[in-house]
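Protein chains in written order, with the numbering used here: chain H, 1 to 506; chain E, 1 to 506.
Ideal Cβ placement from N, Cα and C applies to all residues, glycine included.
The structure displayed is predicted, hence computed values, not measured ones.
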C-alpha cells in the first residue's frame, strides 16, 4: 500500500476524531494544522503535560490585595462592622426593642423589595458569550427609547458555507424587523418577537443582518431586553436597553452671568434672631444683591427689611431638616449655597471660587471650610442581604482633577455650594428634627458626588452667651432643642436601619 | 499513481488554498468538510450564485412600519413638529426676541453640555463583537462599586493548541489581578491596568482566567470601563460598569399600617380661604386624622384649628409651583396625595385604592378623576441636536398590569397620589408662578412613571361667585393672578426651550 494513502487515511482519522470529540470552534485559516496535531495528541497516548498544582492565593493575601482603609472590599456573603482602636461600631437594629424587631424586619424587607422592584434591582446576572460564535453582534450599548425603533448595529454571520443559511433573532420586550426589501419567503416574522432569515445567498444574508431593527412595544422607563441570535447550534445573546432619557432642567445664567442669577443662599433659623441678623448683615457686606432664603420655625415671625431676603415661617419647632428642605425647595438658581444662621461672611468667603469648581467638574456639591474646619469624611458601603455595612472614615478619596487644592470625598462641613436640582433630588429628610449632618450625606450616597475646597472659608459667630435677657432666654430654650437626646439618637439609628436599609456602621 | 494519493494531494491543495485565502473563523468540528468544499468553490471557477438585488424598503413603507400615533419614531438627523388638523405646533425659540436669540443659544448649549458631562452623556457608541473570537467573556452585566473588587465571570480561551499561550487583559479605569496562586513568570502585571498570562499549560490558563478580578481604583459614581482580552490577532472587548448604588430611602408604615402613616395630603392656597376651609372640612368627613400640609402665599395668614393640619406661610404671591414644592418638601410619609384647594372629598374619593395601585405596581404617580375628568395625556419625545421635539397626545399608552381599570400614561389631572421620594426628585419648578400643570409632567419625563385610575373620584367646589363682599374682593384679586398673561405664556415657552432643551412641540 502506498505511503501517501496511509497518511491520507491517518489525516481523515484525525478529522473523524476531532468531529467525534466535538471540539467546537477554532479560527480556521490561522490554525487548522495545529488543531489537527492537538487532536492527535488527545487521540493517541502521550506523556501528560507537567500540570502545576491549581490553587488560589491564601485569604490573608487576598485581604491585603483588595482592602481599602483596612476594609476588605471584595464580594462576600456577609459584611461585618468590626470596631477597632480608631472607631467603635453601631449595630443599627439595637435601636429597636427585641420584642418589636421581628415585625420591624418583616416590614423593612417588604419595603425594600418594593424599592428594588421599582429600581429594577437586583440586576440580572452577567450575560456570558461562548467562544467561537460565528456571529458579529453588539455586546453593549444598543439603546432604544420606549415605543421607538433603532437599527441593531454590527450583526454578521461568519459561519461555514452551506446550501441554506438560517438565522433566527428573538426578542422578548419588543419586536424585530429589517429594512431590507426582501420577500416573505426570505424573512419571516417581520414586526414580531422572532425574526427568521432563510436564504442560500450569503451576500443577501449579510445585507439583511446589516439592516435589522428593534422596536420597543411597551411604554417602560428602564428595562433590559436580551436578544438572541441563533444559527444551528450557535447562540449569541446581547442586551438592548429600553430607556427614557431624563429630561434636562437647565438654568439660564442670563446675558451677563451675574452671580445673583447663578447662586441663592439658603439658611434655617430657630430661636436666635440676633445670630441670623448678624449673618445676614455679613452677607450684605460682600454680596449686596444675592437672594437669601430663610426658613424659620421659631415662635414669633421676624421683620426682615431686605428686598433680597425671602422669609418663610413654619409650624413651631418643625425641625432642622424640615427647614433646610423647605429652604432649598424655593431656590430658582442653578446653585444654592448652604450656610448656618450663626455663620459670618468674611473676605475669604469667595462664593465665585466654589461656583468655578462646580462649573468645571462633575461634582454635585463642594464644601468650603468653617474657620479652617473642613470636616471631610469618606463613606464606604458594603452590600449584603440583611442590609449594607457602612464605614465612615475621615479624609478624602482623591484630589479633584483640575483643582489641586480640592479633593473628592463623601461628606463635608455645613458650608457648601450645590447644584440645586441634584440637592433637591436627595433633599433633607424632614424626619430628622434635631442635630443631623452626616445623615444628609448618607442619603446622598450614589446620587451626590461631593468635593471639598478648604481655601474658601467662612467665619463663625462667637459662642459667648448674650447679655440681653430676652435673647438669653431664647438661647436657653434653643439649647434644650439643640441637644441630642438619647431618644433622638435612637431614632436616627432606627432610620439608618429601616430607611437606608443599613445593618451596621463603623 | 494510486488514486488515494491523488485524492490526498487534492485535499492538501484545498487546505493550502484555504490557508492562502486566510478565510478566517469557522466553528471547526461541525463544519470542516463543507468549509473545504466552499473554499474549493472559491478556488476553482464556478457560476456566480444568482444574487438578488440588494435594496431597502421605500421610506413611505418604513414610516408606516415605525410610526406611533402618526409620529415616525425612528432615528433621524432632525426632528420636526408639524401641525395637523388635530393640534397646532409651537416653536419654542419664538419666545425670545430675534436679537437675543444668538446669545441665548450659546448659553443654552453651554448649560446643556455641562448637564451632559455630569450625566455621562452622550453614551459611547455600541461595542461590537467580531465573529469567531476564541474567547468566552461577559458581554454585559459586570458591575463593581467604586474602590471595590469583583471577579470577572466567564473568561475562557478556546483558541488552537500552541506551545505557549499568551493572553493579555487591559483595563483603563481600574486594575486587574487573578486569585490564582501562580508565579510571576506566568502572570505579569498583577494589580496593574494590564495583566498578561503566559503558559504552556492549557489547564492552568483556564484556571487563571476563571479567577481574574477587576478592581476600581478611583471614586466615581457611574462610569463604564471597556476591558479588552487579547491573544495573537484576536481581540474581545467587554464593559465593566463602575456604579455606586443609590441608597434606599424607605418609610416605615408602622405595625398597623394605618393610612395616616402612609399618606399625607398636600395643597397650596392663595386668596381663597373659604374654598380651602370647605376642602379641609370635606377631608375630615372621610379622613379624620390624615396630616394635611397647606402652603399659603396670601396676604393674611389663616387661623386653622386642626391638629393634623400643618400650615406654612410664604412671601405674598410667591406662586403656584413654589407653594406646591414647599408643601411636598415637608412630607414624612411614603406617599403624598396632591389636591387643589377648591376640591371636595366625597365617598368616591378612596385614597386606599390609589395606595393599593402604587404598592402593587412600579408606578411613581397615579391620578384619579375630578368629577369624571381624568385629563390623561401621553408625551412622546424625539431627540435631535438642537433640542428634542415633544409630542403631546390625549389618552394613554397601555392598560396597567393587574389593574384593568387603570392605564399607563404621561400626565394626569391635578388629583394624584405619588411616591414622596420620587415626587421630590422632580419637584415643582418654583419658576412657574401661575397657571402650570403639564410643565410638571414634562419635568418628570424619564423619572416619573405615571398611571391613571378614573374610578377614584374627587369633587370640585362650585364656581359660582361668593356673596360675602370681602371674599368677593379676594376672588377678584385672585382672578387677576390666576389668568395666564401673554408674558407668562412666553415665559413658559422660553422655559421649555432653555430648561428642558426642547425645540418644539405639537
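Based on the DSSP output, what are the partners of residue 337 (chain H) in its beta bridges? H:265 and H:417, per the DSSP bridge assignment.
Does the beta-carbon of residue 505 (chain H) have 16 or more other beta-carbons within 10 angstroms, so that it is buried, or is it exposed? When all chains shown are included, residue 505 (chain H) counts as buried.
Could you name the residues of chain B that residue 263 (chain H) contacts, counting a contact when the two beta carbons are closer than 8 Å? As a matter of chain content, chain B is missing from the structure shown, whose protein chains are H and E.
Judging by CA-CA distance, which residue of H:138, H:345, H:242 and H:218 is the nearest neighbour of residue 281 (chain H)? Answer by Cα proximity: H:345.
CB contact below 8 Å: residue 219 (chain H) versus chain E: So, interface residue.
Nonlocal neighbours in the same chain, by C-beta distance under 7 Å from residue 512 (chain H), ignoring five residues either side: Beyond the ends of chain H as shown, which are 1 and 506, falls residue 512 (chain H); an answer cannot be given.
Local conformation of residue 487 (chain E) per DSSP, three classes: Residue 487 (chain E): helix per DSSP, three-state reduction.
Please compile the residues from chain H whose C-beta is within a distance smaller than 8 Å of the C-beta of residue 485 (chain E). One finds nothing in chain H with a Cβ atom closer than 8 Å to the Cβ of residue 485 (chain E); even the nearest lies about 19 Å away.
Relative to the C-alpha of residue 62 (chain E), which residue among H:137, H:213, H:470 and H:171 is closest? Looking only at H:137, H:213, H:470 and H:171, the smallest Cα-Cα distance to residue 62 (chain E) is reached by H:213.
At the 8 Å Cβ level, is residue 386 (chain E) part of the contact set with chain H, yes or no? Residue 386 (chain E) does not count as touching chain H.
Extent of the continuous beta strand (DSSP E) run through residue 393 (chain H): Taken as a continuous stretch (DSSP letters only), the beta strand (DSSP E) holding residue 393 (chain H) covers 388-394.
Please report the distance separating the alpha-carbon of residue 460 (chain H) from that of residue 309 (chain H). If you take the alpha carbons of residue 460 (chain H) and residue 309 (chain H), they lie about 21 Å apart.
Does any residue of chain H have a CB that is nearer than 8 Å to the CB of residue 64 (chain E)? Not an interface residue.
Quick one: using the 10 Å Cβ neighbour count with 16 as the cut-off for buried, is residue 108 (chain E) buried or exposed? If you draw a 10 Å sphere on the C-beta of residue 108 (chain E), you find 16 or more other C-beta atoms in it, and that means buried.
Compare the C-alpha of residue 231 (chain E) against each of E:205, E:100, E:105 and E:480 and name the closest. Minimum Cα distance to residue 231 (chain E) is reached at E:205.
Does the beta-carbon of residue 31 (chain H) have 16 or more other beta-carbons within 10 angstroms, so that it is buried, or is it exposed? For residue 31 (chain H), the predicted model reports a pLDDT of 27, less than 50, meaning its position is unreliable; a value from the coordinates is still stated below. Residue environment: residue 31 (chain H) is assigned as buried (16 or more neighbouring CB atoms within 10 Å of its CB, all protein chains considered).
List, in order along the chain, the chain E residues whose C-beta lies closer than 8 Å to that of residue 308 (chain H)? Chain E residues near residue 308 (chain H): none, gap ~12 Å exceeds 8 Å.
Inter-residue Cα distance where the pair is residue 431 (chain H) and residue 172 (chain H): Approximately 43 Å between the Cα atoms of the pair.
Does the beta carbon of residue 74 (chain E) come closer than 8 Å to any beta carbon on chain H? Judged by the 8 Å Cβ criterion, residue 74 (chain E) is in contact with chain H.
Compute the distance between the beta-carbons of residue 406 (chain H) and residue 452 (chain H), then report whether it is under 8 Å. Yes, Cβ-Cβ distance for residue 406 (chain H) and residue 452 (chain H) is below 8 Å.
Beta-carbon separation of residue 390 (chain H) and residue 502 (chain H) under 8 Å? For the pair residue 390 (chain H) and residue 502 (chain H), the CB atoms are nearer than the 8 Å cut-off.
Which residues DSSP lists as bridging residue 505 (chain E), in chain order: For residue 505 (chain E), which the question treats as bridged, DSSP gives the partners E:90 and E:390.
Check whether the Cβ of residue 138 (chain E) sits closer than 7 Å to any heavy atom of the ligand COA, and report yes or no. The model on display carries no ligand, and the ligand COA is accordingly not part of it.
Shortest alpha-carbon distance to residue 122 (chain E) belongs to which of H:339, H:248 and H:332? Taking the Cα of residue 122 (chain E) as reference, the smallest distance to any Cα among H:339, H:248 and H:332 is reached at H:248.
Paired residues, beta bridge with residue 168 (chain H) - DSSP: Bridge pairing for residue 168 (chain H): H:196 and H:230 [DSSP].
Excluding sequence positions up to five away, which residues of its chain have a Cβ less than 6 Å from the Cβ of residue 114 (chain E)? Hits under 6 Å: none found.
Please check if any C-beta of chain H sits within less than 8 Å of the C-beta of residue 154 (chain E). At a cut-off of 8 Å between C-beta atoms, residue 154 (chain E) counts as an interface residue with respect to chain H.
Contact the stretch 152-164 of chain E vs the stretch 124-140 of chain H: 3+ CB pairs below 8 Å: Output reads yes: the stretch 124-140 of chain H touches the stretch 152-164 of chain E.
Sequence-distant residues of the same chain with beta carbon closer than 8 Å to residue 89 (chain E), five excluded per side: Taken in chain order, the residues that qualify are 81, 82, 83, 504, 505 and 506.
Check the Cβ-Cβ distances between residue 115 (chain E) and every residue of chain H, and say whether any is below 8 Å. The beta carbon of residue 115 (chain E) falls within 8 Å of a beta carbon belonging to chain H, placing the residue at that interface.
Under three-state DSSP, which class holds residue 247 (chain H)? In this structure, residue 247 (chain H) counts as coil in the three-state DSSP scheme.
How is the alpha helix (DSSP H) around residue 354 (chain H) delimited, first residue to last? Counting along the chain, the alpha helix (DSSP H) containing residue 354 (chain H) begins and ends at 351-360.
Reducing DSSP to helix, strand and coil, say where residue 310 (chain H) ends up. DSSP places residue 310 (chain H) within a strand segment (E or B) once states are collapsed to three.
Roughly how many angstroms separate the alpha carbons of residue 360 (chain H) and residue 337 (chain H), rounded to a whole number? Between the C-alpha atoms of residue 360 (chain H) and residue 337 (chain H) there is a straight-line separation of about 17 Å.
Could you name the residues of the same chain whose beta carbon sits closer than 7 Å to that of residue 251 (chain H), not counting the 5 residues immediately before and after it, in chain order? Within the same chain, 333 and 334 come within 7 Å of residue 251 (chain H) by CB-CB distance, once the 5 residues on both sides are set aside.
What does residue 315 (chain E) touch in chain H if you count any residue whose Cβ is under 8 Å from its own? By Cβ distance, chain H contributes 310, 311 and 312.
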